[in-house]
Ligand code: AMP
Ligand code: MG
């Protein structure tokens, strides 16, 4: 299959959106930018179309898709029961990086929900995404547009690395603004539960709906406690080289990383280092990538996946990363970094 690349970096092409919408209506696949990461879209109400997403990504069939809408009114058709919390949260955070899990209606096929009775819904804050959703019929199932297990794409080039020749179209809207997937909150129980941390923090949700819990499966080291979002149990975002997070007092972290990279270099191999701007000048014997500034946590989120992908091309034998406990997005950044590292942490 030839994958058409539509360039909309400078401005939205109405003709391009019309063609992309037509592909979705015909049951095809279109990758598109959102404010979080690039999504791989299909008509969410067409079981055969959403099944194509799983095949293109190599995604396990029990890992449900998020349904993207462009109008609040659209939510009625896909949910059985709209809770007052859903209204409050959507008023506060939509369009934006918040996904809500609600009881599904019969209109949503089980291929889209991975067999679950619930549906995950989000309204993205991106003009291209919203125009495409409208042109494609109003309901677009879209997981991140990467091959399963690889880092999520934050540029159209990342999408092409994984999906060229596999899907009908990629809309290039330039680099995304946030860089990490949406916060997922489950509203099917009395107290809302965060199933995946993201840009919208527990505290921000709490200010709108009162008590909000974190899914036990996210916090527990015990593998028998399963996360409630099926996708969170899989190893994600894994770079080819083993990745270790080095945690502890800042000066000691630097010394430890320098010691480890020196050992690697003595063995004739090249180590990679992921560091904040404030400390990236202090590493030697290594290929150093600056992820962003500790004072501007969004810059850290924006560059994480691109750096993990870049290290695959740089052929390093091992990667050491500083840890980034930033105020708002710290939980989300560390959740993704920990998953990429397969929870390998070196404490100093
Ligand atoms: P992605 O679109 O690649 O960010 O992945 C979607 C995430 O949403 C995965 O972790 C899914 O397991 C999760 N998800 C989607 N639908 C549901 C649902 N109905 N209940 C719980 N988690 C869901
Ligand atoms: Mg994903």
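Numbering (the working numbering), first residue to last: 24 to 371.
Where is the CB? At the ideal position from N, CA and C, for every residue including glycine.
Since this is a predicted model, take the numbers as computed values, not measurements.
Own chain residues within Cβ distance below 8 Å of residue 320, not counting five before or after: Correct list, in chain order: 347, 349, 350, 351, 352, 353, 356.
Rounded straight-line distance, which links the Cα of residue 29 to that of residue 219: 31 Å
Proximity test, residue 141 beta-carbon vs the ligand AMP heavy atom, cut-off 7 Å: The answer is yes for residue 141.
Top-ranked residue by Cα proximity to residue 275, from 305, 292, 108: 305
Length at least 3, wholly inside the region 132-199: the beta strand (DSSP E) runs in chain order: 141-145, 192-195
Residue closest to residue 214, alpha-carbon to alpha-carbon, out of 32, 228, 203, 234: Put simply, of 32, 228, 203, 234 the residue whose alpha carbon is nearest the alpha carbon of residue 214 is 234.
Range of the contiguous alpha helix (DSSP H) that encloses residue 99: Annotation for residue 99: the continuous alpha helix (DSSP H) segment containing it runs 98-101.
Contact set, the ligand MG heavy atom to C-beta under 7 Å: 166, 167, 169, 175, 204, 254, 259
Straight-line gap, residue 51 to residue 286 (C-alpha atoms, nearest Å): 50 Å
Cβ pair residue 102, residue 142 closer than 8 Å: yes
Closest Cα partner of residue 279 within the set 227, 370, 107: 370
Residue 140 classed as buried or exposed, judged by whether at least 16 other C-beta atoms fall within 10 angstroms: exposed
Cβ-Cβ distance between residue 110 and residue 130 below 8 Å: no
Residue 219: CB within 7 Å of a non-hydrogen atom of the ligand AMP: yes
Residue 332 versus residue 174 - alpha carbon distance: In a straight line, the C-alpha of residue 332 is about 7 Å away from that of residue 174.
Cut-off 6 Å between Cβ atoms - residues of its own chain near residue 161, not counting five sequence neighbours on either side: Around residue 161: 97.
Contact under 8 Å by Cβ, residue 61 with residue 168: Against a cut-off of 8 Å, the Cβ pair of residue 168 and residue 61 comes out as a contact.
The alpha helix (DSSP H) enclosing residue 75, as first and last residue numbers: If you look at residue 75, you'll find it in the alpha helix (DSSP H) that goes 70-80.
Where residue 197 falls, given that 16 or more other Cβ within 10 Å makes a residue buried: In the assembly as shown, residue 197 is an exposed residue. Its beta-carbon has fewer than 16 other beta-carbons within 10 Å.
Among 134, 105, 147, 266, the one whose alpha carbon lies nearest that of residue 120: 147
C-beta contact flag for residue 157 and residue 72 at 8 Å: no
In chain order, each beta strand (DSSP E) run of at least 3 residues that lies wholly inside the region 223-281: The region 223-281 contains these whole beta strand (DSSP E) runs: 266-270.
Heavy atom of the ligand AMP within 7 Å of residue 92 beta-carbon: no
Selected residue, minimal CA-CA separation from residue 264, among 239, 242, 293: 293
Per DSSP, the bridge partner or partners of residue 295: 310, 342
Check: residue 86 C-beta below 7 Å from any heavy atom of the ligand AMP: yes
6 Å CB neighbourhood of residue 189 in its chain, flanking five on each side removed: 79
beta-carbon residue 136 near the ligand AMP non-hydrogen atom, thresh 7 Å: yes
Euclidean distance between Cα positions of residue 33 and residue 245: So the two alpha carbons sit approximately 48 Å from each other.
Limits of the beta strand (DSSP E) - the one that residue 326 falls within: For residue 326, no beta strand (DSSP E) run applies; the uninterrupted alpha helix (DSSP H) run containing it begins and ends at 320-337, by DSSP.
Cβ-based neighbour list, residue 24, same chain, cut-off 8 Å, excluding 5 preceding and 5 following: 188, 189, 190, 191
Range covered by the beta strand (DSSP E) that runs through residue 126: Taken as a continuous stretch (DSSP letters only), the beta strand (DSSP E) holding residue 126 covers 121-126.
Presumed contact (8 Å Cβ cut-off) between residue 202 and residue 325, rounded CB distance: 4 Å
Residue 89: CB within 7 Å of a non-hydrogen atom of the ligand AMP: yes
Environment of residue 368 [buried if 16+ CB atoms lie within 10 Å]: By the 10 Å Cβ count, residue 368 comes out exposed.
Residue of 107, 299, 269 minimising C-alpha distance to residue 343: 269
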